[in-house]
Structure formats: C-alpha cells, structure tokens
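Chains as they are written, first to last, in our numbering: chain A, 145 to 292; chain B, 145 to 292.
C-beta atoms are modelled at their ideal positions from N, C-alpha and C, and glycine is treated no differently.
None of the values given here were measured: they were computed from a predicted structure.
Worksheet for the structure shown next.
Number of protein chains: 2
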Amino acid sequence: MPDATQPTSDTAALIDALAQAAFVTMGALTRIAADNDLSLTQLRALAILRDRRLRMTDLVEYLGLEKSTLTGLISRAEARGLVHRAPHPVDRRATEVFLSTHGHTLAAALEAELAASLAPVMEKLDPAEQHTLAHLLAKAVATASTRT
Amino acid sequence: MPDATQPTSDTAALIDALAQAAFVTMGALTRIAADNDLSLTQLRALAILRDRRLRMTDLVEYLGLEKSTLTGLISRAEARGLVHRAPHPVDRRATEVFLSTHGHTLAAALEAELAASLAPVMEKLDPAEQHTLAHLLAKAVATASTRT
DNA sequence: CCTGATAAGTTTGTGATACGAACCAATTTA
DNA sequence: TAAATTGGTTCGTATCACAAACTTATCAGG
Numbered sequence: 145m146p147d148a149t150q151p152t153s154d155t156a157a158l159i160d161a162l163a164q165a166a167f168v169t170m171g172a173l174t175r176i177a178a179d180n181d182l183s184l185t186q187l188r189a190l191a192i193l194r195d196r197r198l199r200m201t202d203l204v205e206y207l208g209l210e211k212s213t214l215t216g217l218i219s220r221a222e223a224r225g226l227v228h229r230a231p232h233p234v235d236r237r238a239t240e241v242f243l244s245t246h247g248h249t250l251a252a253a254l255e256a257e258l259a260a261s262l263a264p265v266m267e268k269l270d271p272a273e274q275h276t277l278a279h280l281l282a283k284a285v286a287t288a289s290t291r292t
Numbered sequence: 145m146p147d148a149t150q151p152t153s154d155t156a157a158l159i160d161a162l163a164q165a166a167f168v169t170m171g172a173l174t175r176i177a178a179d180n181d182l183s184l185t186q187l188r189a190l191a192i193l194r195d196r197r198l199r200m201t202d203l204v205e206y207l208g209l210e211k212s213t214l215t216g217l218i219s220r221a222e223a224r225g226l227v228h229r230a231p232h233p234v235d236r237r238a239t240e241v242f243l244s245t246h247g248h249t250l251a252a253a254l255e256a257e258l259a260a261s262l263a264p265v266m267e268k269l270d271p272a273e274q275h276t277l278a279h280l281l282a283k284a285v286a287t288a289s290t291r292t
C-alpha cells in the first residue's frame, strides 16, 4: 500500500492467473492427498522434501505453518515411515528431516497422479506454449523467498 | 524421469514447474490465511466464490473435499458473516453459496496481501515475460476440469 | 568464562478440519 | 409409482493448527 500503481496492471493479472492456477492445482492435490490418506499439508511436506533435506524451522518456512504444528505433522509422518528425523550435524538444537525410501516412493506415485489429474489442463496448450510456460514458471519460482 | 509418458517430456517438466509454483503460492496463502484467522481451505473457498455463486456440490468439486466437510466449513463461514446460503431456485434439494459484502471485502484484502507476498517472485520476470506467463496460465486454467 | 538474550523443538490444551457412515428429502429413472 | 440417484446434513473420530509455556543450545557482551 505504500507505493501505489507501481505494479503494472499486468502484475495484477499475473497474480490473479497464478492464484487461479494454484487453486486448480490445490483442488487436484487435495483429492490426491485424501485418496492416499494424507492431508494436503502432509502431501506438501512430502513434495518439498523430495529434493531437499531441511531443518524443521526451514520446513516451517516453506509450509507457512507454526513450529508446534510441524512437530505433530512430522511425528505422524515419521510414525508412518514416510520421513526420518536426524540431529543436525553442527547445531545440536536443530533437527533435520528427510524422506525415507517409502516416502520417496509415495512422492513419486503422487506426482504421477498429479500429472494424470492435470493432463486435461495441460492439453489446452500446444507443446511450444507448454515449454514456454514451464520455463517462465521455473524462472519465477527459482529459489523464491516469499516471506512476509 | 527421462522417459516420456504419453505426451512430450515437456509435459512432465511443466507439471513439475506448476506444482512448484503452486507450493510456493500455498506457502504464502497459508500464512495469509493464518494472519486473518482463516484456514487455507476457507481462504480458498472465499477466493473461488469471489466471482461465482455455486451449489455446495460444485464447490466441493472445486475444493476437492467431501460434502460432509464442506457443510461444516460453510456453516462456520456463514456464522462469521462471510458467506450466505440460499435455496436453489429450481432444484429444491440444492443450496447455493455466495459471498456476503463482508466476504467480498475480506477477499479483496486477501488478494492484496497475496500480491504483496508474491511481488518478489514476480519481479524476477520482466514485463513481457509477466504478460506471457499470465496469458498462458489463464489459457490453461480457463474452465479447467481436473476431475479424477 | 559467565550471564542474559535468542533460537530450535517439543509438549499441552483447545477449536477447527476432514473423513466415512448413516440419514432425510427431493429428483430422476424405469 | 416403486426404485435408484442426487444434494445436504448430522454424528463420531482422528488429524490439523494455533498459542503459550518449557527445555536445550547457541550467541552476545562484559
């Protein structure tokens, strides 16, 4: 609100489009999660941990949750054999979390389900457009820190 | 995932990019929701209803939830004055849901917060790229039926 | 070295989510 | 018009998510 109109109206349109896309994706993900006896949040955690090994605090940042919430979430996931906890090599206060073999397997299956679910959406774009879209999304999201 | 499924392998990359973008957006949305004393799901419902008047069943489809879950969700939102319920004009079994004035106001505020939160992400693309991305996302998501 | 001040995680308690199963009422099918 | 089917709600149970209080560690400053 301090600086107005700075974001070209294109930015507003982009935010809206991105939100719409995210909402559609969330709908699909919510269904997929439920089908696999997971909550959307748990699915998100698995996806995020798929190519990362994070400290609890960092995962909290990715998910947008409170620390206390994550404790229970990870405890349940660990009890189900989806993730492991390990003490941080340097900071003895910290705990690192990462996927188990089982977790990786499940994550891969979930991705396949998502791909199947979003196929009808993707088909609306020709190969060239798909390529461009993937490129732009990747560029925008690369190490994106949204913070507050 | 080197091998291609049915479509081009670009599709896999696109699914991944879209998922990444959705995860980043969800992180921001989760924080925004919590800051406004809403759950992510409730925020999603508000956003979806912003430009639509839907029957419970249709909203269930958008959100990817079970009907019984939505009943409670909408009841609480209604109790807070965010949405209204009204009998469907034709089908007497059905109930339509739509935002109240208060709900619209809140939804607008939430969008502003999202825009602020995603600004750093958007800034990684130049205006032309932003325009292209918005266009492609809009095209892909237009009346998207993800279904299972 | 100590002594706060901070940071990382966990525990606890409470309300909100989300599912499935059972149920009622209205609509559709046969 | 009887038999499905559909649209929503209610109920019971497990998970989710927050805030507040607490335990260890790490980090400053003197």
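Mind listing, in chain order, the continuous beta strand (DSSP E) runs of no fewer than 3 residues lying wholly within the stretch 147 to 184 of chain B?
-> Those beta strand (DSSP E) runs which fall completely within the stretch 147 to 184 of chain B and span 3+ residues do not exist here.
Beta carbon of residue 208(B), beta carbon of residue 208(A): below 8 Å?
-> Against a cut-off of 8 Å, the Cβ pair of residue 208(A) and residue 208(B) comes out as no contact.
In the DSSP assignment, what are the bridge partners of residue 228(B)?
-> Under DSSP, the beta-bridge partners assigned to residue 228(B) are 242(B).
Return the residue from the list 182(A), 254(A), 154(A) and 271(A) that minimises the CA-CA distance to residue 222(A).
-> For the residues 182(A), 254(A), 154(A) and 271(A), the minimum Cα distance to residue 222(A) belongs to 182(A).
Straight-line gap, residue 253(B) to residue 242(B) (C-alpha atoms, nearest Å) | Cα to Cα, residue 253(B) sits roughly 17 Å from residue 242(B).
In terms of alpha-carbon separation, which member of 244(B), 279(B), 276(B) and 267(B) lies closest to residue 191(B)?
-> Of the residues 244(B), 279(B), 276(B) and 267(B), the one whose Cα lies closest to the Cα of residue 191(B) is 244(B).
Separation of residue 198(B) from residue 216(B), as counted between CA atoms = Using only the alpha carbons, I get a separation of about 16 Å.
What are the start and end residues of the alpha helix (DSSP H) that includes residue 216(A)?
-> Per DSSP, residue 216(A) belongs to the alpha helix (DSSP H) from 211 to 223.
Among the residues of its own chain, which have a CB less than 6 Å from the CB of residue 162(A), if the five just before and after it don't count?
-> Excluding residues within five positions, none has a Cβ falling inside 6 Å.
Let me know if residue 278(B) comes out buried or exposed under the rule of 16 or more other beta-carbons within 10 Å of its beta-carbon.
-> The residue in question, residue 278(B), is buried, as its Cβ has 16 or more Cβ neighbours within 10 Å.
Check the Cβ-Cβ distances between residue 265(B) and every residue of chain A, and say whether any is below 8 Å.
-> Interface criterion met: the Cβ of residue 265(B) is under 8 Å from a Cβ in chain A.
Terminal residues of the continuous alpha helix (DSSP H) containing residue 202(B)?
-> Note, residue 202(B): alpha helix (DSSP H), 200 to 207.
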